[in-house]
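Novice: Residue numbers (full-length UniProt numbering): 1 to 424.
A virtual CB, placed ideally from N, CA and C, is assigned to each residue, including glycine.
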């Protein structure tokens, strides 16, 4: 696991992967998790790492806007958020990074104009803004000429080699706070795990103080989330009324948990469908979750193979508040049911071999033929659905639902989401 040695109960994070501290271990001076398959949002609390000199999260799958709070890191020399999926404008507060020598925001989805405040950064040597959707040019730097030439490419400039950035020790008062929301991936699978490390404060003679994460309701009115209106343009959007008719007024329940329900539906002149409907409390549905929901739908929609589950669309309505996923229905239930519920006699060795080969083909498609790959973190017989002719469909329902479980637990999500369920 990418962050396997991150432990929020550990009083000293200086030995955690990607974290480097000052010699006295009183300050975190470097946070480098570049290329770690992180997926999630940048937390505003990053701005409380007052001694931080290097923040490197290059080449991940980070979403949402750049928090303006990062502008409070006046000791920061390197800010590298390149090659992610960040969106929205560049916050003008980045003009307060008075110590910055390199800022890399290339290869994201940033929009708007380049804030003129960036022209006030007297120590800036390299600014990378290429491969975004920015307009205009970078404001001129007003500082006097130094021996190191400033490099300020425009929004559409070509790739340049990064400059070396020096490190300096921090002499500010002892104290550090780490708050980074991430969803981590593994080589073996997409393990949706939020590493929440908030409020670890280290003071002389005092034990660490754990500060609770803020509830979603406190953040939803303070953070502006930018969502590309074309993100789901190629994915079928179902109306709630269509699904209500197909699922017989939502009476045809085929799977459930205390907090979620799965319905079976039949579309006129169309396929049988399975509709996953979490019990969502609209009060706790934040802009972060909406962006994550749409990103997940777009990610699932690109999967198309005879041995994988198929997303047919989604439902997103405000009145009544609805978020649903529509999948192709597999009429023969799960492989687990056939192996353990007295129906194993139907599975001859020849049929079992065909199922195994189908699963292997589905995994090969997900892991090696899709770009970027889509990995399954926990493959078991409950995650393999069988069609009428016993063709296997590798499912990723757990992948989707479990992500919302973690979001909900840290206060960014809705109140209730279920664990994975089986179709009967």
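#1: Specify the secondary structure class of residue 80 as computed by DSSP and reduced to three states.
#2: Evaluate contact between the stretch 290–297 and the stretch 243–256, counting only Cβ atoms and requiring at least three cross-stretch pairs below 8 angstroms.
#3: Evaluate residue 35 with the Cβ neighbour count: other Cβ atoms within 10 Å of its Cβ, from every protein chain shown; 16 or more gives buried, anything less gives exposed.
#4: State the Cα-Cα distance for the pair residue 445 and residue 287, rounded to the nearest angstrom.
#5: In the structure shown, what three-state DSSP assignment does residue 68 receive?
#6: Keeping to the same chain, check which residues put their C-beta closer than 6 angstroms to that of residue 81; ignore five residues upstream and five downstream.
#7: Count the CB pairs spanning the stretch 372–383 and the stretch 315–322 that are closer than 8 angstroms, and state whether there are at least three.
#8: Just curious, the alpha helix (DSSP H) that residue 241 is in, first and last residue?
#9: Measure from the C-beta of residue 364 to each C-beta in chain C and report whether the shortest distance is under 8 angstroms.
#10: Taking 7 angstroms as the cut-off, is the CB of residue 110 close to at least one heavy atom of the ligand MG?
#11: Look at the Cβ atom of residue 52, then the Cβ atom of residue 29, and state whether they are nearer than 8 angstroms.
#12: Just how far apart, CA to CA, sit residue 119 and residue 128?
#13: Spell out the partners DSSP gives residue 98 in its beta bridges.
#14: Determine, using beta carbons only, whether residue 15 and residue 38 come nearer to each other than 8 angstroms.
#15: Per the DSSP calculation, residue 103 is bridged to which residue(s)?
#16: Where does residue 285 land, buried or exposed, given buried means 16+ other C-beta within 10 angstroms?
#17: Is the distance from the Cβ of residue 97 to the Cβ of residue 73 below 8 angstroms?
#18: Work out the CA separation of residue 231 and residue 363 for me, nearest whole Å.
#19: Quick one: measure Cβ to Cβ for residue 112 and residue 89, integer angstroms, because I've assumed they're closer than 8 angstroms.
#20: Using CA atoms only, rank isn't needed, just tell me which of 242, 315 and 33 is closest to residue 268.
#21: Can you tell me which residues form a DSSP beta bridge with residue 28?
#22: Kindly list the residues whose CB is nearer than 6 angstroms to the CB of residue 366, restricted to its own chain and excluding five residues on each side of it in sequence; keep chain order.
#23: In three-state terms, what does DSSP make of residue 266?
#24: Under the three-state reduction of DSSP, which class applies to residue 296: helix, strand or coil?
#25: I believe residue 307 touches residue 387 by the beta-carbon criterion, under 8 angstroms. Please report the beta-carbon distance rounded to the nearest angstrom.
#26: Give, in chain order, every unbroken run of the beta strand (DSSP E) that is at least 3 residues long and sits entirely within the stretch 368–398.
#27: If we count the other Cβ atoms within 10 Å of its Cβ and call it buried at 16 or more, is residue 276 buried or exposed?
#28: Quick one: residues in its chain with C-beta nearer than 8 angstroms to the C-beta of residue 300, no 5 flanking neighbours on either side, listed in chain order?
#29: By Cβ distance, which residues of its chain are closer than 8 angstroms to residue 338, with the 5 residues on each side in sequence left out?
#30: In the DSSP assignment, the beta strand (DSSP E) including residue 39 goes from what residue to what residue?
#31: Confirm, please, whether the CB-CB distance from residue 131 to residue 99 is below 8 angstroms.
#32: DSSP on residue 337, reduced to helix/strand/coil?
#33: According to DSSP, residue 290 sits in a beta bridge with which residue or residues?
#34: So what's residue 122 in DSSP terms, helix, strand or just coil?
#35: Rounded to a whole number of angstroms, what is the C-alpha to C-alpha distance between residue 238 and residue 303?
Specialist: On the basis of the data shown:
#1: Three-state result, residue 80: strand.
#2: The stretch 290–297 vs the stretch 243–256: no contact.
#3: Classification of residue 35: exposed, given that the 10 Å Cβ count is below 16.
#4: The shown model of the chain, from 1 to 424, leaves out residue 445, and the question about it has no answer.
#5: Reduced to three states, the DSSP call for residue 68 is helix.
#6: So the qualifying residues of the chain are 57 and 105.
#7: At 8 angstroms Cβ cutoff, the stretches do not touch.
#8: Residue 241 -> alpha helix (DSSP H) spans 240–246.
#9: Given the protein chain composition of this structure (a single chain), no chain C is represented.
#10: Among the ligands in the structure shown, none appear at all, so the ligand MG cannot be discussed.
#11: In terms of Cβ geometry, residue 52 and residue 29 form a close pair [threshold 8 angstroms].
#12: For residue 119 and residue 128, the distance between alpha carbons rounds to 14 angstroms.
#13: Looking at the DSSP output, residue 98 bridges to nothing.
#14: No, they are not a contact pair.
#15: Under DSSP, residue 103 takes part in a beta bridge, and its partners are 79 and 127.
#16: Per the 10 Å Cβ criterion, buried.
#17: Against a cut-off of 8 angstroms, the Cβ pair of residue 73 and residue 97 comes out as a contact.
#18: One C-alpha to the other measures close to 26 angstroms.
#19: That pair is a contact at about 4 angstroms.
#20: Residue 242 is the option with its Cα nearest to residue 268.
#21: According to DSSP, which records beta bridges pairwise, residue 28 is partnered with 21.
#22: 374.
#23: Note: residue 266 maps to strand in three-state DSSP.
#24: Residue 296 carries a helical assignment under DSSP once its states are collapsed to helix, strand and coil.
#25: The distance from the Cβ of residue 307 to that of residue 387 is about 10 angstroms, inconsistent with a contact at the 8 angstroms cut-off.
#26: The qualifying runs are 384–386 and 392–394.
#27: Buried is the call here.
#28: Here residue 300 has 311, 325, 396 and 400 as same chain residues with Cβ atoms under 8 angstroms from its own Cβ, once five neighbours each way along the sequence are excluded.
#29: The beta carbon of residue 338 sits closer than 8 angstroms to the beta carbons of 332, 344, 346, 347 and 386 from its chain, once the five residues preceding and following it are set aside; these are given in chain order.
#30: Residue 39 -> beta strand (DSSP E) spans 39–41.
#31: If you check the CB distance, residue 99 and residue 131 do not come in under 8 angstroms.
#32: Residue 337 falls in the helix class under three-state DSSP.
#33: Partner(s): none; residue 290 has no beta bridge.
#34: Per DSSP, reduced to three states, the secondary structure at residue 122 is coil, with no helix or strand assignment.
#35: Using only the alpha carbons, I get a separation of about 19 angstroms.
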